[in-house]
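Using our numbering, the first residue of the sequence shown is number 16, and each one after it goes up by one.
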Amino acid sequence: MQLSKWKPFSNIESFINFPVSGLFDEMSNGFGNEWRPAVDFIEKADEFLVKAELPEVKKEDVKINIENNILSVQGERRYEEKDEKQHRLERFYGSFTRSFTLPDNVDTDQCKAEFKDGMLNIHLPKKAGSEKPTKSVQIN
């Protein structure tokens with residue numbers, strides 16, 4: 016008898032093809048057929064920058080609103096019917112909405128956006144004089 020090293024996860028591949036495995040892929044994408052574009056929210060010295068990936072979305076199909084200190088980005092990626100035999104479609108189509116509560120120091124009157132090559136950049140300048148100095152707290 017030959018000894019072999021025990022590998023507790025060696026049979027995990029058999030579970031990958033389990034009939035329910037696709038269910039978990041959909042759940043991780045926001046349940047069902049909902050499309051949620053990836054968004055980065057970045058703080059810089061003088062502004063916040065929101066970067067949203069919107070491939071194959073037209074500029075005319077995107078709306079940006081700020082109301083009650085909430086930034087909302089809405090849009091739609093339209094599905095185009097083609098005379099092709101499609102074997103697998105994994106990309107989502109349809110409407111989306113992403114909303115973010117903005118920090119209090121955003122100057123909402125000076126916000127600007129640009130859209131190029133499927134990337135939406137929203138520049139949210141900070142209000143002048145809004146930086147608060149760091150305060151040390153004494154430990155007793």
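Note that CB positions come from ideal geometry on N, CA and C, so glycine has one too.
Since this is a predicted model, take the numbers as computed values, not measurements.
Asked                                                                                             : Found
Same chain, Cβ closer than 6 angstroms to L69, five either side skipped, listed in chain order    : P52, G133, L135
Q153 beta carbon near the ligand MN (any heavy atom closer than 7 angstroms)                      : What this structure holds is no ligand at all, so the ligand MN is not there to describe.
C-alpha distance - S110 paired with K78, whole-angstrom precision                                 : 11 angstroms
Residues that R113 bridges to, as DSSP identifies them                                            : V88
Residue environment, I154, which counts as buried when at least 16 other CB atoms sit within 10 Å : exposed
A156 burial status per 10 Å Cβ neighbour count (16 or more: buried)                               : Absent from the structure is residue 156, since the part of the chain shown begins at 16 and ends at 155.
Bridge partner(s) assigned by DSSP for H102                                                       : The partner list for H102 (beta bridge, DSSP) is empty, contrary to what the question assumes.
D119 versus N84: straight-line alpha-carbon distance, rounded                                     : 8 angstroms
Cα-Cα separation, T123 to I81                                                                     : 7 angstroms
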